[in-house]
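Chains as they are written, first to last, in this note's numbering: chain B, 768 to 1256; chain X, 768 to 1256; chain L, 768 to 1256.
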């Protein structure tokens, strides 16, 4: 007798976008079968032994607010000591009088100063400091930002006429020269830093640098290479190359400029970057991004570099933070963000971090990307974009990241600056360094958001038979369960 | 000149459900091109060396019936010595007079007794013993079951009034107390054990315990938490959580109660559990199950715990065994079962076992799940549900499982009782223990079914140039090639 | 306010076959946003350290023509010394008079001779020598082939009547006997070797052996087992088994016979083999091939043996080389070839080679398949079938392959002759051997094509911040970007 086969399209629907609607129905349904009282856990019995593995014991616990604050403060202190905070003249003497031009004015360097100032990594540090200030209430984090914004403002007062000391070849090398304040020379140089300056301004931190940010926004809007469809691209390594990294280099700046100016064109450009880069780089079957795409090859390069994914998910967080509630693109961005979170969640390693190549367990565990993911998970929970269920991974992910902050406050295990390469070996063998500033901002962001998670009164964190669970407190709305079609809020 | 591109939908169809129909056509076609006589293998020649690797030599051979029987008997003997088989009074003395109430009556414990009695793991042991009896013809396996069923029946005669010593908190801890016979307190406690009792009854083994099984079936039908659509759920870790494990905790009991009672509602509920849990947990692209699904998250947790997959595939085997030939749901269940077998077959490890996280080769090799898969493959071949071609993996999988049965008859390398956790590290670092009873029933089942495979006269096992092949004997019908739509039998 | 969700079908389209059309539009569009001058790379700055890992340093560089030529010559010299090049009589004395029959005539063996002659592996060696001659301009490579073709031609002059010393059981074992010249006994014996003979004839190398190749083509066309739909199959391990290997054993011979004869039936059969085998074995979601498919199982065996994939991609290269420009099947074959290249490119290992099981990083790195992939990438770039962007992987892949050619000219790390097995352990533990001739032809091919890549004036190889890029020289047509529908050329 003929029988129906199982209709796999049902699974595909449920695994795809239709599920939220199904679930919303379940979630609000008052009609359930009679339920027995919640039993105590009977799984495992006598043999339900806890693991004694030291790696596991180090990461699998709920961190305390004090632990997190201590880690954040150690990182802040190291950055404070190691990042330029003063202007010097051509002879290397600190400038204290900003009322007149000073020959050879530039930022301090050498000695204990190991990091540059005008770079995308430092832009993330600014954003992380602002978030840490918000999470801890400690003014020192904002002070860090304000001090460096003053350096920039003062530089504009004392430096020679526009045009001097500009460009990558400026004195002091990459980012050390501040000529980029007047004459931006690459998206790397100004994009993420612009977001940092705009967020500082929105938070009322530091001097007004709108002349700088206006110039940078003009650069982003009209000077940065773009494909014919408006997608931001690079001429590196070849003409019209799309880098996942550039989602972060452009989108947060565009989004916060939209907020600050009220001009919808910035939001629209930010949305365009996310969707058009995703169309080229996102693998919906895996839920992760390829690092890049070259005009001369129809296929994305299927190498899933962790930090590239970090840039994307952080960019989407910033856009969702900035985009007004009723914006018709929210649903689009939320759908992509959620699909990405799900893909990333499927790839956490045994030790709580993520691999340098996300889907290659034989690649090393990388700190900066892991911190970005911890931030993105915790932030999305705090905002109500994703289920608090992802909180387990955020909490133990944070513990794993924190274990890489050493006594000095240095962040270990971060992949150094990385080209868009077209082969796996390049990524497998990228060195790591405590001097890679890329790890510091994300660590601040991850700690700040996990701290907010601990303080979030809409969720509760429970321990049951050795497992950590994060769930909504009862009778909360669960917006992440709504069909994306209705998720405009 | 324009050319057609390759239509990938053809591949997708062929890789999907349409293939069996295509193949059935091929298989019955009398028209083939002229064929040369079957040549001897010319692959590799002088360099076609056999592997000298000791792991390979241990697992890659056709096991003998004697080897299997010896392993089964060693496991049986260890279980016989280590599992409660007597009732004792409050003073610890064995009860021999069951004609009147005895204060503090309970099962023996301590000393050589290391396992509990009234648990799901022991339910699987019962099912395994019954299958081993069937495969070997040795009454000792049925005796094991009968002895413990008598303990239960006698407990009901001598124990105090209903309500005493019930619940998880009953004396002797989890499963040691027999109060659950009268007052079930969780699906874990009664579901799989109910299947064991029902199968024993169908096999005519042990006393009539229908009062117990009727109570348990009522509990499963009306007291166990369910979602609004009737899917069985738990309040652990959060309200309305779907565990893959519960497919086994519910479906075999429902299926065999259907068989015993003839009441279709049990079959229908069993089918509903398989399909509705699969809709939430099965990943059709991977062919494997997620461990669980939480109402507060639209996505399944994409962590593919091996034993959760074992519970699912074993539950489907039991349902297909019980479900009448003409039942319209057979095609649905067969399709799911076959897709799952294919997914599992793609993930056998280098050493013949499967990994704790199925798709993570850096997770440890786990015995209980591996034994479940070996059982499911061999059973499906013996039943004609899947191609005998899967027999190679079943045979060497058995050798790998058998290598984990030590001299004492203990099963090594089994993951202890395991929560539904929301992070990978939890699963990576679950300890293993010979005291985890979860490995014993599946090992009995795996050995029994592989023994039946060796005796199966519808298939032949051949060795060719160092490879093992299992194929249908000529002129057999091959029901697994039929389109699922017609696979009602 | 309701918002649109992101339409994932857009991504799927872009990741699928629609992308090339989209890109072609982009590529030819004259309208781009204003672009800043190409900036120097600013990624990473002070921390952008080069890797010091010795494996990386060994493989990640652009090889020189001299390096490649030296490696090729070392392999050629070893093969010249180790492969039969003389006929001997029954007493082992070299035959020099070919004007009359000689009792017991056969090829030399023993001593320094370690390889057989009439085998598919040697067929690939012939093809590789011809390609190396073309790439280097060095006559010694063609001489190697001509010498062995003369051995065959002379054997036909001096050997006894047809029928003697034929078959696998002929004197000297597999391939040592030359009876297969007159009476082919398996596709393995004659298929790839036939391609070698046909390509030699097209290149004007060696004597006319069309009597032999005509016999072999008749065998392939009418005697080799086929399924009802005409797909070439084997009776090993079971009746009507499709081996991916047989794509190479049949398609190049069919394709070059099509070229030589002008008879379209050969092309059509070659196209049929590629498409029908792909329909059974290719996984479009992964972009790679399963090793085999058995009529008694509707599913392919999802074990992705590297060398099986090598046979497929090399067969497609040969077919695309031979198939006339306007043939309506070119688009189909190009689409499959490109999807396969993309799948393979996603799976290169950390060390530049590919794994024995392509998607299992815990399986060993295998030389023969890696060489085949390097060949297929470089050849496709040289022909304009795929983006030059794949050149990075080809170049460092070659370095990795070359590192496995030892001082003697032996190719190390090649998996020995391999059955189609139905379990992963079989493949994991296949031994490797320098006596596995399978590695030699592919190494010649890989080196020859990478040498052509270095000399290819349509592409340029650049180094930028430590990364290797291969790109088209400006204003080149980019046929690989065209929609496959229009890719008839």
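Quick reminder that beta carbons are idealized off the backbone N, C-alpha and C, glycines included.
Just so it is clear, the structure is predicted and the values come from calculations on it, not from any experiment.
How far does the beta strand (DSSP E) with residue i in it reach, from first residue to last?
i, result
"residue 1059/B", "1059-1061"
"residue 1227/B", "1226-1231"
"residue 1237/B", "1234-1239"
Is it buried or exposed for residue i, if we count other Cβ within 10 angstroms and need 16 for buried?
i, result
"residue 1134/L", "buried"
"residue 1059/L", "buried"
"residue 1064/B", "buried"
"residue 824/L", "exposed"
"residue 867/B", "exposed"
"residue 1186/L", "buried"
"residue 860/L", "exposed"
"residue 1123/X", "buried"
"residue 1126/X", "buried"
"residue 1155/X", "buried"
"residue 851/X", "buried"
"residue 796/L", "Because residue 796/L carries a pLDDT of 27, less than 50, the predicted location of this residue cannot be relied on, and no value is offered for it."
"residue 1115/X", "buried"
"residue 1230/L", "exposed"
"residue 1270/L", "Residue 1270/L lies beyond the stretch modelled for chain L, which goes from 768 to 1256, so this question has no answer here."
"residue 956/L", "buried"
Tell me, which residues are paired with residue i by DSSP?
i, result
"residue 1010/L", "1059/L"
"residue 877/B", "880/B"
"residue 1163/L", "Bridge partners of residue 1163/L: none, in fact."
"residue 1072/X", "1124/X"
"residue 1178/X", "1172/X"
"residue 1001/X", "1008/X"
"residue 861/L", "855/L"
"residue 1199/X", "1182/X"
With residue i as the anchor, note down where its alpha helix (DSSP H) starts and where it stops.
i, result
"residue 924/X", "906-925"
"residue 1141/L", "1134-1150"
"residue 1039/L", "1031-1048"
"residue 847/L", "832-849"
"residue 1104/L", "1097-1112"
Excluding five sequence neighbours on each side, which residues of the same chain lie with their C-beta closer than 7 Å to the C-beta of residue i?
i, result
"residue 1167/X", "826, 1118, 1119, 1120, 1137"
"residue 965/X", "980, 1020, 1023, 1024, 1027"
Got a sec? Which residues, its chain only, sit under 6 Å from residue i by beta carbon, not counting five neighbours each side?
i, result
"residue 1216/L", "1142, 1145, 1146"
"residue 997/X", "1039"
"residue 1062/L", "1007"
"residue 1254/L", "Legend: pLDDT at residue 1254/L = 32, less than 50; position of this residue unreliable, no value from coordinates given."
"residue 768/B", "Caution is warranted here: a pLDDT of 39 is assigned to residue 768/B, below 50, making its placement in the model unreliable, and no coordinate value can be reported."
"residue 1243/B", "1225"
Among the residues of its own chain, which have a CB less than 8 Å from the CB of residue i, if the five just before and after it don't count?
i, result
"residue 1173/L", "1179, 1201"
"residue 1103/B", "1041, 1042, 1045, 1049, 1083"
(message) Taking 8 Å as the cut-off, does the segment 1042-1054 of chain X touch the segment 1110-1119 of chain X (at least 3 CB pairs, one atom from each stretch)?
(response) Flag = yes, the segment 1110-1119 of chain X and the segment 1042-1054 of chain X touch.
(request) For the segment 1170-1199 of chain X, enumerate the residues whose C-beta is nearer than 8 Å to any C-beta of chain C, in chain order. (result) Considering every chain present, this structure includes no chain C. Its protein chains are B, X and L.
(request) Check whether the segment 1188-1199 of chain X touches the segment 1216-1230 of chain L, taking contact to mean three or more Cβ pairs, one atom from each stretch, closer than 8 Å. (result) no
(message) Counting beta carbon pairs with one atom in the segment 862-879 of chain L and one in the segment 1175-1195 of chain L, are three or more of them shorter than 8 Å?
(response) no
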